[in-house]
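To start, the structure itself, in C-alpha cells.
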Amino acid sequence: MAFSPNASQVDDGLKSELAKKGIVVTTLNQLYNWGRRSSIWPMQFGLACCAIEMIATACARYDIARFGAELFRPSPRQSDLMIVAGTVTKKMAPQVVRLYNQMAEPKYVITMGACSIAGGPFIDGYNVLRGIDRYIPIDVHLPGCPPRPEALLYGLMELQRKIDGQEIETTEWYQKGLKREYPIPDFGPHGLIPKFNPEVWNPRETENRKERYGEPILIGRKDKAPNLDLPPAPPRSAAPAPAAPPPEPAS
Amino acid sequence: MLSTADLKTKIEAAIPGTTLKLVRESLLLENPNDLLKVARFLKESDLGLDYLSSVTGADYLTYLESVYHFYSMAQKSGPVVLRVRTDRQNPQIPSLTALYRGAEFQEREAYDMYGIVYEGHPDLRRVFMWEGFEGWPMRKDYQQEDSETLEMADVAWLENQGVKVPEPIKAKAEELEKQGKRALAQKPGQPEPQ
Amino acid sequence: MIFGTGILQGLMVTLKNFVTSYFKAPDEGGIFTVEYPEKRLPEKERFRNFPFLLYDKNPENLRCVACDICAKECPPKCIYIVREFDKDGKPLKRPAVFDIDFTVCMNCGICEEACPFDAIYMDHEFEIASADRHAKLLYHRDDLLKSNEYFHKIRPTDASAIDARRREAEEKKKAAEAAALAAQKAKEAAAAQAKPPEPPKPAAGA
Amino acid sequence: MTEKTFSLHGAGDMDTQTLEINIGPQHPSTHGVFRMNVVLDGETIVSLKPVMGYLHRNHEQIAENMSYTGSMPYTDRLDYFNSMSNNFGYAMAVEKLANIEVPERAHYIRIIMAELTRLVNHVSVIGFLLNDLGAFFTPVLYAFREREKILDIFEEVAGARMMCNYLRFGGVKYDLSPEVLARIAGILKKFPKFLEEFETLLTKNEILCMRCQNVGVLPAELAVSASVTGPMLRASGVNYDIRKADNYSLYERFKFRVPLGQKGDVYDRYYVRILEMRESLKILEQAVKEIPAGDIMSKKMVPFLKSPRNFKPPVGEAYARVEAPKGELGYYVVSDGTAQPWRYHVRAPSFINLTILEDLCIGQKVADAIIILGSVDIVLGELDR
C-alpha cells in the first residue's frame, strides 16, 4: 500500500478561516497524531522518589488528566508510555527492560529525574545503573532531582511535540523487520552482563566523568582504621578540629 | 540506668567466664561465643533490655565488627551498646535471631554487606544484592567494576544474543582477557590492587 | 446503627466536595488545579532547581574565579572547572571550562552555600527536557551564565542583601586600600622626615 | 507450581496443591519496587518471603565517601516522604559525635518541620492504604491536596518540595519568617477540619471496617521482640514513643499524648495514624505559639556552612534516633577524625518493621496481604537504602 504524498492546498490561514465557520480540515497524519498524543496512557510504575512527584502530578493540583494521560495502567500491555521515575538499580534493570519489551507499539519512554538518566547523585554506587538508556532507547530525558510536577507536564508536552512530528508512512512500528525488543541483561558476579547494549548506547569517546573525577567513590579510601579502644582525646579537642578559615571573598 | 562500667561488672559477675572490655561508651565482648549468653542475660535479667534496636556490621581493616544497640521498652532505658569482633578471613558470630526476631533482617544485611556469617541464623541469604553476587561491597577493599568497559563475558553474551559488538570495544575486551584482568573502576594513578 | 450509614456519610463528603468545588476558593475546597502551562503557581523565592553562574553587567565580567571550591564540595560531583590561562601561561581568575552535568546534579544547593564569591546560585528554571542527554544536558559555561538582573528578578530579597553585602565589602576594601595607601604615604613621609636627622642607633644604646 | 501437596482442611479432606506466585517488583500496590514470593493454598497464604534490594542505591557506601554535610541531601532521599525527619536524625547523630549545642530557636524550627512531615506522611499513607483496599485514588486525591499545602511551606522555607536539605549540624539553614509562621498557623487552623472530613469519609465506612478489622493482628510481645517501632508498635498497644522515651531535642516541653491501639490489626494502625496527626497538630500549635527569638545556628558551626569539607569530628562513635513517622530512625556514625565518616549506618524503620510481614500474612488471603503491607507503611528508598 502506498500513500499519496501530502499535497494539500489548505494552508494554516485557510484552515483557521474554515474552523471559524465550523469546518475542520485536517490531514490523516494530524488526526492520527492528535488521537495518539491526547491519550497517552502511562504505565503505573514507580521506582523511587520521582514516583511520588509522578503521583502528585496525577493528583488534583497538577492534574495530568488535562493532557489525556491520567489513565495509569498497571500492565505494560495496555500502556503507551513508560515513565522511568526513579533510580534504576542493577537489580531492577532487567525488569525494566522486560517491561519495555512487553509494551505494545507505539511505545515511548520518559526518564524522569537524574537517577534514571545517568544514575544521578547515586551514580557511583556499586548497585546503581548509570542510566537506563544503556539498554533501551529513550524519547525524553527530564532532569531534576526530583523534577517538579510541572516539569513532568513539560516533559509530557515535549513528548506530544515529538508525536506530532511523526508520520504514518515512516513510523518505525509499521515498517517491516522492526526490532524493538532488546535483550534482557543477566545478573553477573560483579554486576550486570552485559554492562550496556552497544546497539542502543555506546560509551562516549571522551568519557567525561571518568576522565574528570576518576572514580569519586574511591576518594575517601582510607588505609587507617580509627581506634575506638583508645580513650577519647582530652576535652579540649572534643570540639571539631579548628578549621582553616574559608577563603576570603573578593581577593 | 547503670553506667557502662557498672554494667560490665554486673554482667561479668552474672555470667562467669565472660570478659568484657570498655570501649568508649560500649562493651566489647572478648569471646564472640559468649554473645548469646550475654544477650539472654540482658534480655531476661532485671535490666529488661527487650528491644534490640540496631545491628550494624563494620569493617576496621584488620577485623570485622558487629555492633548491637539494646534498649528497654518496658523501662524506657538504654542504650546498652555491645560490640563483637571477628577476623576478616573467617568471620563468624552467633546469631541473635532466636532471641530477638528484630535481628533477622539486620543480620542478613550485615552478611550481605560485610560477609559476617551469623551462626544459627534461620535464613542467611543476601538481602539486597542478588544471589551469585561475588564479594562484600561495603568492605573497604571492595573493587567496583568499571561500567564503561566491556569484558569478554559481556561480549560473548551479546554475540550469543545476536547483537553486533563494535570492533574497538571487542578489541579492548580481548586485550583485557589476554592480560587476565578485570575491568575495575580505579582512580587514575592509583596503585593496582594485588 | 444501620449498616451502610458509614458509606452514605462518606459519599456525602464526596458530593459536598464536588458541589463546593464550583463555588469556593481553592484553599477552601474549591478547584485546586493550577492549569500549567497557561497558569503557574507563584514562584517561591528560595526554590532551587539547577545552578547558574552569575555575572555583573556583561558576560565577560563573571564573578567566578575558578577556585574549584564548589566542584570539591558538590556531593555527587557534577561540577567540572578548568582555570583559564593567558598566553604566557599565567593563571587567570576565571574559568575556561565550567561544566555542570544536569543528569547528575541533585539540586541540593551546597555549591551555592559554599561559594565564597557569590558566583553560583540556584535557578528557578525547570522547563528543561531533551532527547539527547550528552549534548543538551551537559551545560557549559556559556549556557550557565545569567545576569545579576535576572538574579534580582527571581530572588529579590537575597539578591539585594547580597549586593548590599558586596558593596559594603568593596567599600571596606577600598577604604582599607585607601587607609593602607595613606599609611604607606604617612610612613614614607615619616621616614622621609625621620631620615635627615638619622638618630645614631649605637649612640642611643650606649 | 510445586510438587508438594498440602492440606489446610484437616486430614481426609480434599487434597490441595500449593501455588507459588510472585507479587512485584512492578506491582501497583507494593509501594515501589518490593517483591513478595507468596505460596498459596487456594486463596490462603501459606508462606510469604519478601525480596528486597530493588532500590538498593548504596546510600551507606556513598556517605562513607562524602563530607558529613554532603550526606545531608542524600538522607532526604531515604524516606522521600519525610526528608525533614531524616535530616533531623542525621543532624542529631553528628551533633552527638562532635558535641555541638543547638540553639533553642533551631530546636523549635526542627520540631515544627518534623511534625509537619508527620502530617504529610500519615495523610499520604492512609491515602495509599485506601488505594490498596480498592478505593482507587479518591482518598489519595484528598490526601495529596493537603500534602501540597504543606509542601508549599517546605518550598518557601527550604527551597524544595520534597528534598528539603534544610537542617545543618548545629541548627537549620534558613530562619522562619513571621509570614511563614502565620501560614503554618493558618494550615493548623484548617487541618482539623480536613481530618474530620477525612474521618467521615473513611473511619466508619463499613467496607473499610470489614476489610481492616481483625486482619494482620500483631501481638504486642512479637512486636517488641521483632523490634517493630512507630505507629505499628503503638497500634499493638505498646506505649513506646521515642519522643517521650528519649526526650530528645525539646520534646519534653510540649504536651501531647501517645495514642495506642488495642488489637494491633490493620484498622488500629490506620486509626493510630489519624490520632497521631491530631497530637502532632497539638505540638505544632504549641511550637508555633512559643517559638523564641534567637539564633538558628550554633556559633561554632557557622564557619562550616561555607566549607563543609573542613568539618572533622573527633574520633568516636554516636548513635542517635528519632521518632520518624514510620518508626525509629537511627543513625550510627563512626568518625575517624577525617572529613568523611568511617562507618555510616542507617537503622531504617521500614526495613525492620517488615521482619514480621510473614507472621502477619500467614493464614490471610492474598488481598489482605496487600493491605497488611500497606498498613506497615514502607518506603522503598529507606527499606533498601
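Sequences listed follow chains W, B, P and Z, in order.
Note that my numbering has the first sequence beginning at 1, numbered continuously upward.
Note that my numbering has the second sequence beginning at 252, numbered continuously upward.
Note that my numbering has the third sequence beginning at 446, numbered continuously upward.
Note that my numbering has the fourth sequence beginning at 652, numbered continuously upward.
Glycine included, every Cβ here is placed at the ideal spot set by N, Cα and C.
*Would you list the residues sitting across from I526 of chain P in a DSSP beta bridge?*
Here the question's residue 526 of chain P lines up with position 81 in the third sequence. Per the DSSP secondary-structure output, I526 of chain P pairs in a beta bridge with P:F543.
*Three-state class that DSSP yields for M364 of chain B in the structure shown*: Against the second sequence, residue 364 of chain B aligns to sequence position 113. Here M364 of chain B carries a helix assignment [DSSP, helix/strand/coil].
*Under the three-state reduction of DSSP, which class applies to T548 of chain P: helix, strand or coil?*
Here residue 548 of chain P refers to the residue found at position 103 of the third sequence. If DSSP states are grouped into helix, strand and coil, T548 of chain P belongs with coil.
*asked:* I'd like the span of the beta strand (DSSP E) that includes K272 of chain B, first residue to last.
replied: Working through the second sequence from its first residue, we reach residue 272 of chain B at position 21. Counted as a single uninterrupted DSSP element, the beta strand (DSSP E) harbouring K272 of chain B occupies residues L271 to V274.
*Going by beta carbon distance, what residues of the same chain come within less than 8 Å of D892 of chain Z, once the five residues before and after it are set aside?*
Looking up residue 892 of chain Z in the fourth sequence gives position 241. Only R885, V909 and E974 meet the Cβ criterion.
*Which bits of chain B does D1035 of chain Z rub up against, with CB to CB less than 8 Å?*
One-based indexing of the fourth sequence puts residue 1035 of chain Z at position 384. Within chain B, the residues near D1035 of chain Z are F379.
*Can you tell which of Z:N816, Z:P992, Z:P754 and Z:Y922 has its C-alpha closest to the C-alpha of L853 of chain Z?*
As a working mapping, residue 853 of chain Z is identified with position 202 in the fourth sequence. It is Z:Y922.
*What are the boundary residues of the beta strand (DSSP E) that includes Q343 of chain B?*
Residue numbering aside, residue 343 of chain B sits at position 92 when the second sequence is read from its first letter. Here the beta strand (DSSP E) through Q343 of chain B covers Q343 to P345.
*Would you report the Cα separation of A648 of chain P and I607 of chain P, rounded to the nearest angstrom?*
Counting from one through the third sequence, the residue named residue 648 of chain P turns up at place 203. Counting from one through the third sequence, the residue named residue 607 of chain P turns up at place 162. Annotation note: pLDDT 44 at A648 of chain P (below 50); position unreliable, coordinate value reported separately. Here the C-alpha atom of A648 of chain P lies approximately 57 Å from the C-alpha atom of I607 of chain P.
_Short Cβ contact (8 Å threshold) for L1034 of chain Z with L1005 of chain Z_ = Within the fourth sequence, the letter at position 383 stands for residue 1034 of chain Z. Within the fourth sequence, the letter at position 354 stands for residue 1005 of chain Z. Yes. Within cutoff.
*Given a threshold of 16 other Cβ atoms within 10 Å of its Cβ, counted over all protein chains shown, does K977 of chain Z qualify as buried or as exposed?*
Indexing the fourth sequence from 1 puts residue 977 of chain Z at position 326. Classification of K977 of chain Z: buried, given that the 10 Å Cβ count is 16 or more.
_C-beta contact flag for S722 of chain Z and Y741 of chain Z at 8 Å_ = The residue given as residue 722 of chain Z occupies position 71 in the fourth sequence. The residue given as residue 741 of chain Z occupies position 90 in the fourth sequence. Yes. Within cutoff.
*Measuring CA to CA, which of Z:I762, Z:N737 and Z:T720 is closest to Y902 of chain Z?*
As a working note, residue 902 of chain Z is residue 251 in the fourth sequence. For the options Z:I762, Z:N737 and Z:T720, the alpha carbon positioned closest to that of Y902 of chain Z is the one of Z:I762.
*Nearest to E158 of chain W (by Cα), restricted to the options W:R204, W:D124, W:C59 and W:Y108*: Translated into the one-based positions of the first sequence, residue 158 of chain W becomes position 158. For the residues W:R204, W:D124, W:C59 and W:Y108, the minimum Cα distance to E158 of chain W belongs to W:Y108.
_Within a Cβ cutoff of 7 Å, which residues of the same chain sit near A969 of chain Z, ignoring the five residues on either side of it in sequence?_
Taking the fourth sequence and counting its residues from 1, one reaches residue 969 of chain Z at position 318. Same-chain partners within the cutoff: A744, K747, L748 and V984.
_For S878 of chain Z and Y302 of chain B, which I take to be in contact (beta-carbon distance under 8 Å), what is that distance rounded to the nearest angstrom?_
Locating residue 878 of chain Z in the fourth sequence gives position 227, where the first residue counts as 1. Locating residue 302 of chain B in the second sequence gives position 51, where the first residue counts as 1. With a Cβ gap of about 6 Å, S878 of chain Z and Y302 of chain B count as contacting.
*asked:* Please list the terminal residues of the continuous beta strand (DSSP E) segment that includes F321 of chain B.
replied: On the second sequence, residue 321 of chain B is found 70 positions in, with the first residue counted as 1. Per DSSP, F321 of chain B belongs to the beta strand (DSSP E) from Y314 to S323.
_Can you tell me where the beta strand (DSSP E) holding L435 of chain B begins and where it ends?_
Taking the first residue of the second sequence as 1, we reach residue 435 of chain B at position 184. Unbroken run through L435 of chain B: none, as it is neither H nor E.
*Roughly how many angstroms separate the alpha carbons of A349 of chain B and Y362 of chain B, rounded to a whole number?*
As a working note, residue 349 of chain B is residue 98 in the second sequence. As a working note, residue 362 of chain B is residue 111 in the second sequence. Approximately 17 Å between the Cα atoms of the pair.
*If M82 of chain W sits next to F45 of chain W, beta carbons under 8 Å apart, how far is it from one beta carbon to the other, in whole angstroms?*
Numbered from its first residue, the first sequence carries residue 82 of chain W at position 82. Numbered from its first residue, the first sequence carries residue 45 of chain W at position 45. The pair is a contact, with the Cβ atoms about 7 Å apart (cut-off 8 Å).
*With 16 as the cutoff for other CB atoms within 10 Å, does G220 of chain W come out buried or exposed?*
Position 220 of the first sequence, counted from the first residue, corresponds to residue 220 of chain W. Any reading at G220 of chain W is ruled out, since the residue's pLDDT is 49, under 50, leaving its predicted position unreliable.
*Nearest residue (CA-CA) to E766 of chain Z, options Z:E927, Z:V791, Z:F788 and Z:V823*: Taking the fourth sequence and counting its residues from 1, one reaches residue 766 of chain Z at position 115. Nearest Cα to E766 of chain Z within the set Z:E927, Z:V791, Z:F788 and Z:V823: Z:E927.
*Going by C-alpha distance, which of P:E518, P:A541 and P:F547 is nearest R528 of chain P?*
Residue 528 of chain P sits at position 83 when you count from the first residue of the third sequence. Among P:E518, P:A541 and P:F547, the Cα nearest to that of R528 of chain P is on P:A541.
*Starting from the C-beta of D946 of chain Z, find all residues in its chain whose C-beta is less than 6 Å away, skip the five residues before and the five after it, and write them out in chain order.*
Counted from its first residue, the fourth sequence places residue 946 of chain Z at position 295. Counting only Cβ-Cβ distances below 6 Å, and skipping sequence neighbours, we find P754.
*Kindly list, in the order they appear in chain W, the residues whose Cβ is closer than 7 Å to that of N593 of chain P.*
Working through the third sequence from its first residue, we reach residue 593 of chain P at position 148. Correct list: empty, because the minimum Cβ distance to chain W is about 15 Å.
*With 8 Å set as the bound, which would you pick, yes or no: does the beta-carbon of R212 of chain W sit closer than that to a beta-carbon of chain P?*
Locating residue 212 of chain W in the first sequence gives position 212, where the first residue counts as 1. Closer than 8 Å to some Cβ of chain P, the Cβ of R212 of chain W qualifies, so yes.
_So, at 7 Å on beta carbons, what are the nonlocal neighbours of E70 of chain W in its own chain, with the 5 sequence-adjacent residues on each side left out?_
By 1-based counting over the first sequence, the position of residue 70 of chain W is 70. Hits under 7 Å: A58 and I64.
*Helix, strand or coil for T602 of chain P, going by three-state DSSP, please let me know.*
For the purposes of this step, residue 602 of chain P is taken as residue 157 along the third sequence, with counting starting at 1. Under the three-state reduction of DSSP output, T602 of chain P falls in the helix class.
_Could you tell me the alpha carbon to alpha carbon distance between I858 of chain Z and M764 of chain Z, rounded to whole angstroms?_
Taking the first residue of the fourth sequence as 1, we reach residue 858 of chain Z at position 207. Taking the first residue of the fourth sequence as 1, we reach residue 764 of chain Z at position 113. Rounded to whole angstroms, I858 of chain Z to M764 of chain Z spans 35 Å at the Cα level.
_8 Å is my cut-off, CB to CB: does V878 of chain Z come that close to chain B?_
Here residue 878 of chain Z refers to the residue found at position 227 when the fourth sequence is read from its first residue. Note that residue 878 of chain Z is Ser in the sequence shown here, rather than Val. Closer than 8 Å to some Cβ of chain B, the Cβ of S878 of chain Z qualifies, so yes.
*Pair every Cβ in the stretch 129-138 of chain W with every Cβ in the stretch 86-94 of chain W, then say whether three or more of these pairs are closer than 8 Å.*
With a cut-off of 8 Å, the stretch 86-94 of chain W and the stretch 129-138 of chain W count as touching, because enough Cβ pairs lie within range.
*asked:* Is L228 of chain W near the ligand SAM - that is, is its Cβ less than 7 Å away from at least one heavy atom of it?
replied: Among the components modelled here there is no ligand, and therefore nothing to report on the ligand SAM.
*Comparing alpha-carbon positions, which option in Z:K895, Z:T726 and Z:I696 lies nearest I934 of chain Z?*
As a first step, residue 934 of chain Z is located in the fourth sequence; it is residue number 283 there, counting from the start. Closest option to I934 of chain Z, Cα to Cα, is Z:K895.
_Residues of the stretch 86-102 of chain W in Cβ contact with chain Z at a cutoff of 7 Å, in chain order, please._
Sequence-ordered contacts of the stretch 86-102 of chain W with chain Z read T87, T89, K91, M92, Q95 and L99 [C-beta pairs closer than 7 Å].
*Within 8 Å (strictly less), CB to CB, does T478 of chain P reach chain Z?*
Within the third sequence, residue 478 of chain P is the residue found at index 33, counting from 1. Not one chain Z Cβ lies under 8 Å of T478 of chain P.
*What three-state label does DSSP hand G220 of chain W in the structure shown?*
Within the first sequence, residue 220 of chain W is the residue found at index 220, counting from 1. Here the model assigns G220 of chain W a pLDDT of 49, short of 50, so the residue's position is not dependable, and the following value carries that caveat. Under the three-state reduction of DSSP, G220 of chain W is assigned to coil, being neither helix nor strand.
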